[in-house]
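Asker: So that we are looking at the same thing, I have put the structure below in structure tokens.
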Amino acid sequence: MEKQPEVIRDKACMRAWSRRLRFEEGKEKRSLALVPTMGFLHEGHLSLIREARAYADLTVVSIYVNPGQFSPSEDLASYPSDLRGDLRKLSEVGGVDAVFCPGNLYDYGSSDGVVNEGVFAAPTVPAEEAKASSCLEDGGSGHESWIRVESLERGLCGKSRPVFFRGVATVVAKLFNIVEPDVAIFGKKDYQQWRLICRMVRDLDFAVKIIGSEIVREVDGLAMSSRNVRLLHGERDKALSIYKALSEAKSAGLNGQSTCQEIKDLVVQTVSKAGGKIDYAEQAGSAYRSG
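The sequence shown begins at 1 in the UniProt record's numbering and counts up by one.
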């Protein structure tokens with residue numbers, strides 16, 4: 001039977017655990033890998049954990065839904081959650097030494113180690129304010145320090161989610177400072193996020209090696225995501241059109257018979273025909289956007 005991972009909720013306790021296990025007296029220093037997640041784990045997450053074993057002696061999985069990357073108009077309050085199920089899956093997959101699942105990483109007012117387990121609610125604000133603020137700011141926590149990866153956070157997903165990448169960069173930096181890993185594993189499904197984290201680590205001299213892991217898909221080709229559980233049958237068909245469009249674009253590109261614009265048009269047509277809404281289609285540094 002696999003050992004149960006230690007569950008840690010407090011920031012100071014997590015840092016102390018990391019230092020104690022990595023530098024145990026009489027033993028050589030052990031390396032530590034971090035797998036950051038927002039929970040509601042699926043096979044894609046578990047594949048990251050399996051990969052982490054190849055890079056480090058110890059593995060920590062963080063489970064934290066970060067309010068700093070959600071705008072008030074997004075789905076923070078309804079993001080899927082199943083901590084008990086997540087802990088069961090982590091025990092079954094094995095190789096996880098600790099699970100870091102804090103209640104609020106932005107709680108700076110407690111000095112006794114008690115973590116605020118409250119849920120961040122997304123307040124109602126005017127649409128123009130929602131595009132420029134996060135749930136964290138509107139929640140009034142007093143957090144003011146943000147990490148911006150200025151060029152890479154613009155464009156692609158950043159155009160329609162203006163607070164997302166600064167929230168991601170900031171919380172990942174916080175996790176690195178708390179867990180103090182040698183290696184961190186990120187999925188390439190969120191490709192822009194992975195590239196942004198790589199640049200942040202380089203620019204700020206974090207002593208963390210970033211590993212990008214390939215996309216894990218369902219049998220029908222849909223990229224695994226925690227939010228997939230909320231897709232109804234018709235919505236799943238629309239989501240699948242993205243994979244179909246990318247496959248067709250790859251085939252067209254490999255055959256060398258299409259221009260960049262023709263390939264982008266093919267992607268837009270395939271998704272639109274399935275009833276999907278195009279946010280952007282990007283190839284070789286050029287973007288197509290549609291309402």
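The beta carbon of each residue, even a glycine, is placed where N, CA and C say it ideally should be.
1) Is it buried or exposed, Asn104, if we count other Cβ atoms within 10 angstroms and call 16 or more buried?
2) Any contact of the stretch 51-59 with the stretch 191-204, i.e. 3+ C-beta pairs under 8 Å?
3) Tell me where the beta strand (DSSP E) around Leu58 begins and ends.
4) Compute the Euclidean distance between the alpha carbons of Val35 and Ser18, then round it to the nearest angstrom.
5) Starting from Lys174, follow its DSSP beta bridges and name the residues at the other end.
6) Going by DSSP, which residues form a beta bridge with Ile210?
7) Report, in whole angstroms, the separation of the C-beta atoms of Leu83 and Cys101, which I expect to be a contact under 8 Å.
8) Could you name the residues of the same chain whose beta carbon sits closer than 6 Å to that of Gly158, not counting the 5 residues immediately before and after it, in chain order?
9) How about the stretch 61-72 and the stretch 238-245: do they share at least three Cβ pairs that are nearer than 8 Å?
10) So is the beta-carbon of Phe206 under 7 Å away from any non-hydrogen atom of the ligand NAP?
11) Do Gly187 and Ser151 have their C-beta atoms within less than 8 Å of each other?
12) Can you grab the Cα-Cα spacing for the pair Gly167 / Leu266, in whole Å?
13) Give me, in chain order, the residues of the same chain whose beta-carbon lies closer than 7 Å to that of Glu282; leave out the 5 immediate sequence neighbours on both sides.
14) May I have the straight-line CA-CA distance separating Arg15 from His143, to the nearest angstrom?
15) In its own chain, which residues sit with a C-beta less than 6 Å from the C-beta of Phe176, not counting the 5 before and 5 after it?
16) Let's test the definition: count the other Cβ atoms within 10 Å of the Cβ of Gln193 and tell me whether it reaches 16, buried, or not, exposed.
17) Just checking: is the beta-carbon of Glu25 within a distance shorter than 8 Å of some beta-carbon in chain B?
18) What do you reckon, are the CB atoms on Ile216 and Glu25 nearer than 8 Å?
19) Where do the N-terminal and C-terminal ends of the alpha helix (DSSP H) with Ile49 fall, by residue?
20) Once the 5 residues before and after Asp112 are set aside, which same chain residues still bring their CB inside 7 Å of it?
21) Would you give the residue range spanned by the alpha helix (DSSP H) that Thr270 belongs to?
22) Quick check: what's the CA-CA separation for Ile278 versus Asp190?
23) Leu46 to Ser31, Cα distance in whole Å?
24) When the Cα of Gly109 is compared with those of Thr170, Lys11, Met38, which residue comes out closest?
25) Is the distance from the Cβ of Val172 to the Cβ of Gly68 below 8 Å?
26) Given a cut-off of 8 Å, decide if Ala33 and Ile185 are closer than it, judged by their beta-carbon atoms.
27) Just to confirm before moving on: does the CB-CB distance between Val163 and Ser71 stay below 8 Å?
Answerer: Let me spell this out:
1) Asn104 is buried by the Cβ-count criterion.
2) With a cut-off of 8 Å, the stretch 191-204 and the stretch 51-59 do not count as touching, because too few Cβ pairs lie within range.
3) Judged by DSSP secondary structure, Leu58 falls within the beta strand (DSSP E) whose first and last residues are 58-63.
4) Distance between the alpha carbons of Val35 and Ser18 is about 14 Å.
5) Paired residues: none, contrary to the question.
6) In the DSSP assignment, the residues bridged to Ile210 are Ala184.
7) About 7 Å; that satisfies the 8 Å criterion.
8) Answer for Gly158: Phe165, listed in chain order.
9) At 8 Å Cβ cutoff, the stretches do not touch.
10) Ligands in the displayed structure: none, and consequently the ligand NAP is not present.
11) No, these two residues do not count as a Cβ contact at 8 Å.
12) A straight line joining the alpha-carbon of Gly167 with that of Leu266 spans about 33 Å.
13) Excluding the 5 residues flanking it on each side, Glu282 has same chain C-beta neighbours closer than 7 Å at Leu156, in chain order.
14) Rounded to the nearest angstrom, the two C-alpha atoms are 21 Å apart.
15) Excluding positions up to five away in sequence, the list reads Phe206, Val208.
16) Label assigned to Gln193: buried.
17) Protein chain content of the structure displayed is limited to a single chain, and chain B is not contained in it.
18) For clarity, residue 216 is Val in the given sequence; the question names Ile instead. Not in contact: Val216 and Glu25 (Cβ atoms no closer than 8 Å).
19) Per DSSP, Ile49 belongs to the alpha helix (DSSP H) from 43-52.
20) Reliability of the predicted coordinates at Asp112 is poor, the pLDDT of 41 falling under 50, and the value obtained from them is presented with this limitation in mind. No residues qualify anywhere along the chain.
21) Element bounds for Thr270: 260-273.
22) C-alpha separation (whole angstroms): 17 Å.
23) Straight-line Cα distance between these residues: approximately 20 Å.
24) Ranking Thr170, Lys11, Met38 by Cα distance to Gly109 puts Lys11 first.
25) Result no, Cβ atoms of Val172 and Gly68 do not sit closer than 8 Å.
26) For Ile185 and Ala33, yes; Cβs fall inside 8 Å.
27) Closer than 8 Å, so yes.
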